[in-house]
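Trainee: Dropping the structure in here first, questions after.
Residue numbers (our numbering): 156 to 348.
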């Protein structure tokens with residue numbers, strides 16, 4: 156085989172950039188290595204950070220695009236509701252701004268699992284209802300705007316039963332086990348697009 160062809164083939168890696176809140180920001184190198192073991196020609200950059208909402212996502216999209224990604228993985232919603240008490244319409248407007256700024260890059264939105272604060276089940280139920288409304292609007296965007304969805308929210312909607320193995324003690328962030336179904340869905344999604 157021609158050496159130039161081999162070098163060209165080896166340089167054909169795809170780039171995935173995470174942009175969002177701590178749900179993506181807490182993904183560690185071991186977990187990234189797992190994803191890469193399933194998609195070896197994928198380079199992953201994690202630009203997500205705890206506490207940010209779609210407002211900060213708008214500010215960070217140019218930094219993400221400088222990496223020239225093939226895919227952008229978004230995770231927003233929890234901080235938009237929890238910290239900012241952001242109305243649904245503002246969340247969707249902000250999200251559309253991020254998507255429209257993505258310059259044709261394939262966008263994947265992760266609807267994260269519901270929260271599960273066993274110390275405040277009533278508050279948890281109300282919060283998850285609001286989060287579900289946001290994610291229903293995101294799903295409408297996907298149909299109209301061509302973004303891909305990983306819907307962990309629906310997959311885990313019935314977890315509030317005291318036998319929660321997917322959440323850390325805070326009831327929001329995921330355990331290693333909790334991330335695994337998301338990783339499998341992400342690997343499948345990237346393999347198909």
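Don't be surprised by glycine CBs; every beta carbon is placed ideally from N, CA and C.
These figures come from a predicted structure and were not determined experimentally.
Can residue 326 and residue 238 be called in contact, C-beta distance under 8 Å?
Mentor: Taking 8 Å as the Cβ cut-off, residue 326 and residue 238 do not qualify as a contacting pair.
Trainee: Which value, in whole angstroms, describes the spacing of the CA atoms of residue 197 and residue 207?
Mentor: Computed Cα separation, rounded: 25 Å.
Trainee: Output needed for residue 222: all residues of its chain with C-beta closer than 7 Å, excluding positions within five of it in sequence on either side, in chain order.
Mentor: 170, 172 and 200.
Trainee: On a CA-only basis, which of 280, 258, 323 and 334 is nearest residue 132? Give me that one, please.
Mentor: Outside the displayed range of the chain (156 to 348) lies residue 132, so it cannot be described from this structure.
Trainee: On a Cα-Cα basis, can you pick out the residue from 168, 268, 283 and 264 that is closest to residue 209?
Mentor: Cα-wise, what sits closest to residue 209 is 264.
Trainee: Report the start-end ranges of each beta strand (DSSP E) in the region 216 to 299 that is 3 residues or longer and not cut off at the edges.
Mentor: Fully enclosed beta strand (DSSP E) runs of 3 or longer: 226 to 230 and 261 to 266.
Trainee: For residue 202, which of 242, 194, 195 and 231 has the nearest alpha-carbon?
Mentor: With distances taken between Cα atoms, residue 202 lies closest to 231.
Trainee: Note down the Cα distance separating residue 334 from residue 291, rounded to an integer number of angstroms.
Mentor: Using only the alpha carbons, I get a separation of about 22 Å.
Trainee: So residue 310 packs on residue 348, CB below 8 Å; how close in whole Å?
Mentor: Not a contact, Cβ separation roughly 20 Å.
Trainee: Under DSSP, the alpha helix (DSSP H) around residue 180 begins and ends at which residues?
Mentor: Run containing residue 180: 177 to 180, per the alpha helix (DSSP H) assignment.
Trainee: Apart from the five residues just before and just after residue 352, which ones in its own chain have a Cβ nearer than 7 Å to its Cβ?
Mentor: Given a span of 156 to 348 for the chain in the structure shown, any question on residue 352 remains unanswerable.
Trainee: To which residues does DSSP link residue 198 through a beta bridge?
Mentor: DSSP lists 170 as partners of residue 198.
Trainee: With a 10 Å radius around its C-beta and 16 neighbouring C-beta atoms as the bar for buried, classify residue 175 as buried or exposed.
Mentor: Classification of residue 175: buried, given that the 10 Å Cβ count is 16 or more.
Trainee: For residue 310, does the three-state DSSP call read helix, strand or coil?
Mentor: Three-state DSSP puts residue 310 in a helix.
Trainee: Taking C-alpha atoms, which residue in 297, 185, 328 and 225 lies nearest to residue 346?
Mentor: Minimum Cα distance to residue 346 is reached at 225.
Trainee: Give every residue of the same chain whose Cβ lies closer than 7 Å to the Cβ of residue 294, excluding the five residues on either side of it in the sequence, and list them in chain order.
Mentor: Answer for residue 294: 304, listed in chain order.
Trainee: Let me know the secondary structure DSSP gives residue 303 once reduced to three states.
Mentor: In the structure shown, residue 303 sits in a strand (DSSP, three-state: E or B).
Trainee: From which residue to which residue does the alpha helix (DSSP H) around residue 188 run?
Mentor: Start and end: 184 to 193.
Trainee: In the DSSP assignment, the alpha helix (DSSP H) including residue 323 goes from what residue to what residue?
Mentor: Per DSSP, residue 323 belongs to no alpha helix (DSSP H) and is neither H nor E.
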